[in-house]
Amino acid sequence: MLEALTLRKIQVGDRVAWSEMFDSYRQTAGYDPDASINAVVWSWISAEQASQAIVVEDDEELLGFAHYRRFPRPILGDEGIYLDDLFTRPEARGRGVARLMLTHLSAQLETGAFSVLRWTTKPGNDPARRLYEQFGALSESITYNATPHSGETTPS
Numbered sequence: 005m006l007e008a009l010t011l012r013k014i015q016v017g018d019r020v021a022w023s024e025m026f027d028s029y030r031q032t033a034g035y036d037p038d039a040s041i042n043a044v045v046w047s048w049i050s051a052e053q054a055s056q057a058i059v060v061e062d063d064e065e066l067l068g069f070a071h072y073r074r075f076p077r078p079i080l081g082d083e084g085i086y087l088d089d090l091f092t093r094p095e096a097r098g099r100g101v102a103r104l105m106l107t108h109l110s111a112q113l114e115t116g117a118f119s120v121l122r123w124t125t126k127p128g129n130d131p132a133r134r135l136y137e138q139f140g141a142l143s144e145s146i147t148y149n150a151t152p153h154s155g156e157t158t159p160s
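This note's numbering puts the first residue of the sequence shown at 5, with every later residue one more than the last.
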């Protein structure tokens, strides 16, 4: 079925279908749909500024998206690609949608313009991890997130 799939950059006419998928993606991550967040993210990806997006379609129906961006790697003096979000509609899973997007992004490494493709996933996301392990190795790095109140202690 992979041959019926088409990968392309996101287009203005994709906004409604993308928004529906993005709502579903947010729900799988434990967030409620939020039109204001959708508008912000759409403004980023539709303008191709820092964030970019590709989609996979079959017969003009969007089946998945990837949001990604370039990032500098000062220690090496080069750039990498950071994959922020990768989503396939549940009914399209197993058809090669995510594989097609990862193959496309990984191919950018072969041009020499980028030195690494990096992304994160939850430890228990086993189906995705089985796919990801075909494209990259588990990093030895540990990721920390600081939030506005992460350094505060509670009074005893």
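Glycine is no exception: its CB is placed at the ideal position from the N, C-alpha and C atoms.
Keep in mind the model is a prediction, meaning the values are calculated, not measured.
Contact annotation, I14 with S50: C-beta distance approximately 7 Å; criterion of less than 8 Å satisfied. Taken in chain order, the unbroken stretches of beta strand (DSSP E) that lie wholly in the stretch 46-129 and span 3 residues or more are 55-62, 65-77 and 82-92. In this structure, A8 is the residue among A8, S55 and G84 with its C-alpha nearest to the C-alpha of E64. Contact between the stretch 118-133 and the stretch 53-69 is not established, with fewer than three Cβ pairs separated by less than 8 Å. Check the Cα spacing between L80 and each of V120, S47, L11 and Y72: the tightest is with V120. Counted as a single uninterrupted DSSP element, the alpha helix (DSSP H) harbouring T32 occupies residues R19 to T32. Non-local C-beta neighbours of D18 in its own chain, meaning closer than 7 Å and more than five positions away in sequence, comprise V59 and L66, ordered along the chain.
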